[in-house]
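Peer 1: Residue numbers (this note's numbering): -16 to 434. Take a look at the following structure, please.
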């Protein structure tokens, strides 16, 4: 039993040490620099190219490439968390006794020696001033009491003794921030997903990783719209999203940048967008002999009969970078014409050159009249269950700092002593901080007492 008690005491001394606090803070600062210098969660090939095979293996052992998720970094945070809690508990008991004492002790001789002291003479005996002074002093302070002396009386008063606990509110805020960070790191995720218009997904890819994270619901992109400036730069892009559970819609919202959709603690942000290969195109078939043009709509892979019995046409696909005889012709549709009499012929229909097919010999000419452009929406999908703990930590941090730096424990003493037919009044005050503010408090009380 004694051994356990001795072990516990030594462990307590270890965690209550200020040296431990400084060591942990310096360690966290140093390792955070490493996490800034070494890019996190990149492709292994990039690390091998940058550092070489040996250092890649060495850094990988210590999880330098995913440092903030590593066991040793989180261990440093947990040790700092325990250190702050133990230090706070160790010092809180003494502060608690000082803060919540029922009958505070006052020593009038100590107030007489203060530099922050004023004296004046008042007409009348102390007995005439006692009740008036008690009323004035008690209004400005939360606690006051009067003690009679041989030649008069003393009034002791104080307020805001509880502000000594402000530093512990700051400690609590740091604890909440650290706990929130650990919760978010271990139980949250940050991913992304690209969804074509009309499609849905049930999982997202974790950022800077090949891992995927399943969702408890489906995200469907019903529509996507983008508007552009005259310069061609995107002005606004908007996604119409629907959340489905068991194939049934439960929530619908149009999102733009900085206006996310939130559902079950998961945030869905508009992040990016991009064009999709066209699925439907409008083609014009011009018969050379008659000069008549026919307009047809086709889907990728669809086959149609060419008017006037001139064969069939199949729309094979779409490419962003087509080439013809060694020259780049850009985005193009690719099709195959099978004449009624003759061999099939593959043709290219570049969007930049509508009359490109005029160079080909044949009974029919094909050109692109238009196509339906579709996009995919790029979404950032995040979950941080510790965010509310972090928010609470920031709130407590503001409250604690305000208490610690802007409110002080103030104590005053008003002593009235009979001096002939008059009364000599001494008023002195002290505060644990903001000494200049205490001077103004004494000046205001003197003005009231003189009235």
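Here a beta-carbon is modelled for each residue, glycine too, at the ideal position from N, C-alpha and C. If you're wondering where the values come from, they're calculated on a predicted model, not measured in any experiment.
With DSSP run on the structure shown, which of helix, strand or coil describes residue 354?
Peer 2: Strand, per DSSP.
Peer 1: Could you tell me how far apart the beta carbons of residue 347 and residue 318 are, in whole angstroms, since I believe they sit closer than 8 Å?
Peer 2: In fact, because the Cβ distance is near 11 Å, the residues do not count as touching under 8 Å.
Peer 1: Going along the chain, which unbroken runs of the alpha helix (DSSP H) with 4 or more residues stay wholly within the stretch 17 to 94?
Peer 2: Those alpha helix (DSSP H) runs which fall completely within the stretch 17 to 94 and span 4+ residues are 27 to 44 and 54 to 82.
Peer 1: How big is the Cα-Cα spacing for residue 391 and residue 124?
Peer 2: The alpha-carbon atoms of residue 391 and residue 124 are separated by roughly 13 Å.
Peer 1: Between the Cα of residue 170 and the Cα atoms of 426, 248 and 211, which residue gives the shortest distance?
Peer 2: Closest by alpha carbon: 248.
Peer 1: Since residue 424 is in the alpha helix (DSSP H), which residue starts that stretch and which ends it?
Peer 2: First-last of the alpha helix (DSSP H) with residue 424: 418 to 433.
Peer 1: If we ignore side chains and look at the alpha-carbon of each, how far apart do residue 241 and residue 253 end up?
Peer 2: Approximately 7 Å, taken between the alpha carbons.
Peer 1: I need the boundaries of the alpha helix (DSSP H) containing residue 306, first residue and last residue.
Peer 2: That residue, residue 306, is in no alpha helix (DSSP H); its beta strand (DSSP E) goes 294 to 307.
Peer 1: Out of 194, 299 and 221, which one is the CA nearest neighbour of residue 26?
Peer 2: The shortest Cα separation from residue 26 among 194, 299 and 221 belongs to 194.
Peer 1: Take the Cβ of residue 251 as the centre, count every other Cβ of all protein chains shown within 10 Å, and call the residue buried at 16 or more, exposed below.
Peer 2: It counts as buried.
Peer 1: If I follow the unbroken beta strand (DSSP E) through residue 311, where does it start and stop?
Peer 2: Per DSSP, residue 311 belongs to the beta strand (DSSP E) from 310 to 322.
Peer 1: Name the residue from 220, 34 and 389 whose alpha carbon lies nearest to the alpha carbon of residue 357.
Peer 2: The candidate whose alpha carbon is nearest that of residue 357 is 220.
Peer 1: By Cβ distance below 7 Å, which residues in the same chain neighbour residue 186 in space, the five residues on each side in sequence not counted?
Peer 2: Taken in chain order, the residues that qualify are 195, 196, 197 and 198.
Peer 1: How many angstroms separate the CA atom of residue 405 from the CA atom of residue 115?
Peer 2: The alpha-carbon atoms of residue 405 and residue 115 are separated by roughly 16 Å.
Peer 1: Going by Cα to Cα distance, which pick from 145, 20 and 63 is closest to residue 47?
Peer 2: Residue 47 has its Cα closest to that of 20, out of 145, 20 and 63.
Peer 1: Determine the direct distance from the alpha carbon of residue 243 to that of residue 181, and round the result to whole angstroms.
Peer 2: Rounded to the nearest angstrom, the two C-alpha atoms are 19 Å apart.
Peer 1: Between which two residues does the alpha helix (DSSP H) harbouring residue 120 extend?
Peer 2: Looking at the DSSP string, the run of the alpha helix (DSSP H) that includes residue 120 is 109 to 123.
Peer 1: Which ranges would you report for the alpha helix (DSSP H) in the stretch 126 to 182 if only whole runs of at least 4 residues count?
Peer 2: Here the runs fully enclosed are 149 to 170.
Peer 1: Is there contact here, the stretch 286 to 294 with the stretch 254 to 270, by at least three beta-carbon pairs under 8 Å?
Peer 2: With the cut-off at 8 Å, the stretch 286 to 294 and the stretch 254 to 270 touch.
Peer 1: Contact check, residue 320 vs residue 300 under 8 Å by CB: the rounded distance?
Peer 2: About 15 Å separates the two Cβ atoms, so there is no contact after all.
Peer 1: Can you tell me which of 338, 100, 216 and 189 puts its alpha carbon nearest to the alpha carbon of residue 394?
Peer 2: Checked all of 338, 100, 216 and 189; the closest Cα to residue 394 is 100.
Peer 1: Would you call the CB atoms of residue 369 and residue 166 closer than 7 Å?
Peer 2: Closer than 7 Å, so yes.
Peer 1: Where do the ends of the beta strand (DSSP E) carrying residue 278 lie?
Peer 2: 276 to 282 is the span of the beta strand (DSSP E), which, as asked, contains residue 278.
Peer 1: Between residue 316 and the ligand COA, is the CB less than 6 Å from at least one heavy atom?
Peer 2: Among the ligands in the structure shown, none appear at all, so the ligand COA cannot be discussed.
Peer 1: Confirm, please, whether the CB-CB distance from residue 400 to residue 135 is below 7 Å.
Peer 2: Closer than 7 Å, so yes.
Peer 1: For residue 229, which three-state DSSP category applies?
Peer 2: Of the three classes helix, strand and coil, the one that applies to residue 229 here is coil, per DSSP.
Peer 1: Please name the residue or residues paired with residue 223 in a DSSP beta bridge.
Peer 2: According to DSSP, which records beta bridges pairwise, residue 223 is partnered with 206 and 237.
Peer 1: Does the separation of the CB atoms of residue 150 and residue 382 fall below 7 Å?
Peer 2: No, the Cβ-Cβ distance between residue 150 and residue 382 is not below 7 Å.
Peer 1: What is the C-beta distance between residue 81 and residue 147, in whole angstroms, given that I count them as a contact (C-beta under 8 Å)?
Peer 2: Yes, residue 81 and residue 147 are in contact; Cβ-Cβ is about 7 Å, under 8 Å.
Peer 1: Just verifying my parser: in three-state terms, what is the DSSP assignment at residue 336?
Peer 2: Coil at residue 336, not helix or strand.
Peer 1: Take the Cβ of residue 437 as the centre, count every other Cβ of all protein chains shown within 10 Å, and call the residue buried at 16 or more, exposed below.
Peer 2: Summary: the structure shown does not reach residue 437, with the chain confined to residues -16 through 434, and so no result is reported for it.
Peer 1: Could you pull out every residue in the same chain whose Cβ sits closer than 6 Å to the Cβ of residue 223, ignoring the five residues on either side in sequence?
Peer 2: 205, 206 and 237, listed in sequence order.
Peer 1: Report the rounded CA-to-CA distance for residue 311 versus residue 332, giving the unit in angstroms.
Peer 2: In a straight line, the C-alpha of residue 311 is about 13 Å away from that of residue 332.
Peer 1: Rounded to a whole number of angstroms, what is the C-alpha to C-alpha distance between residue 460 and residue 380?
Peer 2: Residue 460 is absent from the model: the chain starts at -16 and stops at 434.
Peer 1: How is the beta strand (DSSP E) around residue 246 delimited, first residue to last?
Peer 2: Run containing residue 246: 244 to 246, per the beta strand (DSSP E) assignment.
Peer 1: Does DSSP classify residue 290 as helix, strand or coil?
Peer 2: Looking at residue 290 - three-state DSSP - the assignment turns out to be helix.
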